[in-house]
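Structure first, commentary second.
Residue numbers (the numbering used here): 17 to 450.
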């Protein structure tokens, strides 16, 4: 049996890369691994029968027995080397024990949950790199007892798919790490050297941002990437960004393949803006029983969103308006936004409300939504009413309910005409309506 490369390396290292017969060393002399007792005479491929020999000494040997002194010396060296290797292995094992115990604690909590019943029950699968992820939390100072609540929170969230449970749990864990670090900073701030607070905060934020970037990227950043992440994190902090937002930006930068906190912050802002569209699409999907809006509708909706954002409407208001618009299969977000702002964005609130009322009544009275052609006829009716003027908004809304219930687009047959100009002027449906 040939001596393995690994064993050859260990023998050379044990003998300090020196010929045991003449003392020659590399690179002055080529070194070989020699059998003290030749294989032909029953010698084994074991450390106590292997020795480093230069090429000349090795070539001069034959299938003859070796001097007993040499054999004894090799055996003693092999024993000392084996003892040293065992001690080194024990040291490494002791260093690994906390890591193994920490991972096992997490695994015990994770496997409490699963899918199926009885013998068919299976734990939710973990990603291939889960051990490295858990080690990052141990290094960040997250205590092992925290995993009980973290795993329960992740598994108990029915909105999170099983394939995303681990990533969701990691997000909760990073929040816990942040809380612990904040408490540590608070304790440091009560000490004699409170001036260290800002430095401690900056250090914690940069570490958190880089760690999240590495987790999402499934790799550690290159030196240049790490330097850029840390530099941009400090720049963001100094410009007034909230610490938690800077850490989150590290995560979002990784999502889009960026390596600066500035790009991560831009991604967060764009995602916040797009949340209105997400709500709109999801509501549309739910209302239609599984159909997303087409590209033209999506483009129209987003054009309205951009005008409303430019008019100063905030993210939360846009999310709500987007959801309500999607539920009514409308491309115009308006619910909850004041009339003046809508007017600035080119949207007439009374027209959109009347349309929503008609659509809701239409859908409630039948098993379908109005077709694009029917919507077009209703919009033309509203435009005609606005041109003529003299109609109360309340009357138009009432007519919209009746027309929708009868799957009609014509409003005139159920719309009373207000002849008193002073009354109609109070609640007009006209091009000047705000």
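Quick reminder that beta carbons are idealized off the backbone N, C-alpha and C, glycines included.
When the Cα of residue i is compared with those of the options, which residue comes out closest?
{"i": "residue 417", "options": "403, 380 and 350", "result": "380"}
{"i": "residue 191", "options": "158, 217, 297 and 281", "result": "158"}
{"i": "residue 245", "options": "231, 235 and 276", "result": "276"}
{"i": "residue 51", "options": "38, 43 and 67", "result": "67"}
{"i": "residue 347", "options": "281, 34, 369 and 409", "result": "369"}
{"i": "residue 362", "options": "231, 349, 174 and 374", "result": "349"}
{"i": "residue 168", "options": "129, 147, 288 and 274", "result": "129"}
{"i": "residue 321", "options": "305, 387, 294 and 394", "result": "294"}
{"i": "residue 13", "options": "373, 382 and 397", "result": "Residue 13 cannot be examined here, being either before or after the span of the chain that is shown, 17 to 450."}
{"i": "residue 327", "options": "357, 402 and 335", "result": "357"}
{"i": "residue 271", "options": "26, 287 and 340", "result": "287"}
Can you tell me which residues form a DSSP beta bridge with residue i?
{"i": "residue 66", "result": "51"}
{"i": "residue 177", "result": "In the DSSP output, where bridge partners are listed per residue, residue 177 has none listed."}
{"i": "residue 138", "result": "131"}
{"i": "residue 222", "result": "Partner(s): none; residue 222 has no beta bridge."}
{"i": "residue 41", "result": "34"}
For residue i, is the classification buried or exposed, using 16 other Cβ atoms within 10 angstroms of its Cβ as the cut-off for buried?
{"i": "residue 260", "result": "exposed"}
{"i": "residue 236", "result": "exposed"}
{"i": "residue 62", "result": "exposed"}
{"i": "residue 120", "result": "exposed"}
{"i": "residue 143", "result": "exposed"}
{"i": "residue 73", "result": "buried"}
{"i": "residue 264", "result": "buried"}
{"i": "residue 343", "result": "buried"}
{"i": "residue 297", "result": "buried"}
{"i": "residue 241", "result": "buried"}
{"i": "residue 386", "result": "buried"}
{"i": "residue 351", "result": "buried"}
{"i": "residue 39", "result": "exposed"}
Let me know the secondary structure DSSP gives residue i once reduced to three states.
{"i": "residue 408", "result": "strand"}
{"i": "residue 206", "result": "Confidence at residue 206 is low in this model, with a pLDDT of 46, below 50, so its placement is unreliable and the value that follows should be read with caution. If DSSP states are grouped into helix, strand and coil, residue 206 belongs with coil."}
{"i": "residue 34", "result": "strand"}
{"i": "residue 347", "result": "coil"}
{"i": "residue 114", "result": "helix"}
{"i": "residue 437", "result": "Per-residue confidence for residue 437 stands at a pLDDT of 43, beneath the threshold of 50, marking its modelled position as unreliable; the derived number appears in the next sentence. Of the three classes helix, strand and coil, the one that applies to residue 437 here is helix, per DSSP."}
{"i": "residue 19", "result": "coil"}
{"i": "residue 239", "result": "helix"}
{"i": "residue 426", "result": "coil"}
{"i": "residue 60", "result": "coil"}
{"i": "residue 340", "result": "helix"}
{"i": "residue 172", "result": "helix"}
{"i": "residue 332", "result": "helix"}
{"i": "residue 234", "result": "coil"}
{"i": "residue 148", "result": "helix"}
{"i": "residue 419", "result": "helix"}
{"i": "residue 157", "result": "coil"}
{"i": "residue 189", "result": "helix"}
{"i": "residue 327", "result": "coil"}
Quick one: does the C-beta of residue i sit closer than 7 Å to a heavy atom of the ligand SAH?
{"i": "residue 124", "result": "What this structure holds is no ligand at all, so the ligand SAH is not there to describe."}
Segments assigned alpha helix (DSSP H), at least 4 residues, entirely inside the segment 352-402: With a minimum length of 4 residues, the continuous alpha helix (DSSP H) runs that stay inside the segment 352-402 are 355-360 and 365-381.
Ranges of the alpha helix (DSSP H) found wholly within the segment 250-312, counting only runs of at least 4: Annotation note: the segment 250-312 contains the following uninterrupted alpha helix (DSSP H) runs of length 4 or greater, listed N- to C-terminal: 259-271 and 277-304.
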